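> In the working numbering, the protein residues as written are 5 to 200. For every residue, glycine included, the Cβ atom is placed at its ideal position computed from N, Cα and C. The model shown is predicted, which means the values in this text are computed figures rather than measured ones. For reference, the structure I am asking about is given below.
What follows is the structure, given as structure tokens:
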């Protein structure tokens, strides 16, 4: 974890996401899904919600995936206070990628949400939505998992737009639109180089 933590309107974050952007100007919108290959940790409640929609999800699974719900999650529960229940489980890797990633690099959970009109982020786990931002011990941070591999997730200290600006969808999801907009108003002039 970084030592440079900033608190703005009660939101704690590493200052890097307030100063830097991404190599690709659109950041995560230009996603290549390389990070998704590793799977994700999620709250057991999120797993249960996904499993309750398994019949719908199976409609969109392709040949590179499995419809066997017992191969979707490693149900070993780990203690982790960054999750609502204080515990987490992980998605399993199937065919060298997250069990929910299809052969075209799309998340079948997101596809199901869209195709079945379930609403955005009804199934997609919290930390999948946030990436390349993460939250550790209540502090929003940049996750450098794909640093140098994917322009969409590689930090750029010379970008015209900061991570907090580019990752609007992610922060609106985590904070709510009103708090995100309030945070942006309080960020004016924060960047040392005058870009904000």
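Does residue 33 pass the burial test, meaning 16 or more other C-beta atoms within 10 Å, or should it be called exposed?
Because the pLDDT at residue 33 is just 48, under 50, the model does not fix this residue reliably, and the point stays unresolved.
> Compute every distance between the C-beta of residue 65 and the non-hydrogen atoms of the ligand MG, then say whether any falls below 7 Å.
Looking at this structure, you won't find the ligand MG or any other ligand, since it has none at all.
> Are the stretch 171–186 and the stretch 41–51 in contact at 8 Å, needing three or more beta carbon pairs?
Not touching, per the Cβ criterion.
> For the beta strand (DSSP E) that residue 172 lies in, which residues bound it at each end?
Where residue 172 is concerned, there is no enclosing beta strand (DSSP E), although the alpha helix (DSSP H) it sits in stretches over 172–179.
> The alpha helix (DSSP H) spanning residue 138 covers which residue range?
Here residue 138 belongs to no alpha helix (DSSP H); instead the beta strand (DSSP E) covers 137–140.
> At what residues does the beta strand (DSSP E) containing residue 58 begin and finish?
That residue, residue 58, is in no beta strand (DSSP E); its alpha helix (DSSP H) goes 58–62.
> I'd like the span of the alpha helix (DSSP H) that includes residue 23, first residue to last.
Taken as a continuous stretch (DSSP letters only), the alpha helix (DSSP H) holding residue 23 covers 20–23.
> Going by C-alpha to C-alpha distance, which of 46, 169 and 113 sits closest to residue 78?
For residue 78, the nearest C-alpha among the options comes from 46.
> For residue 192, does the three-state DSSP call read helix, strand or coil?
Here residue 192 sits in coil by DSSP.
> Threshold first: 3 residues or longer. Then list the beta strand (DSSP E) segments lying entirely within the stretch 52–105, N to C.
Fully enclosed beta strand (DSSP E) runs of 3 or longer: 77–83 and 91–95.
> What three-state label does DSSP hand residue 11 in the structure shown?
Strand, per DSSP.
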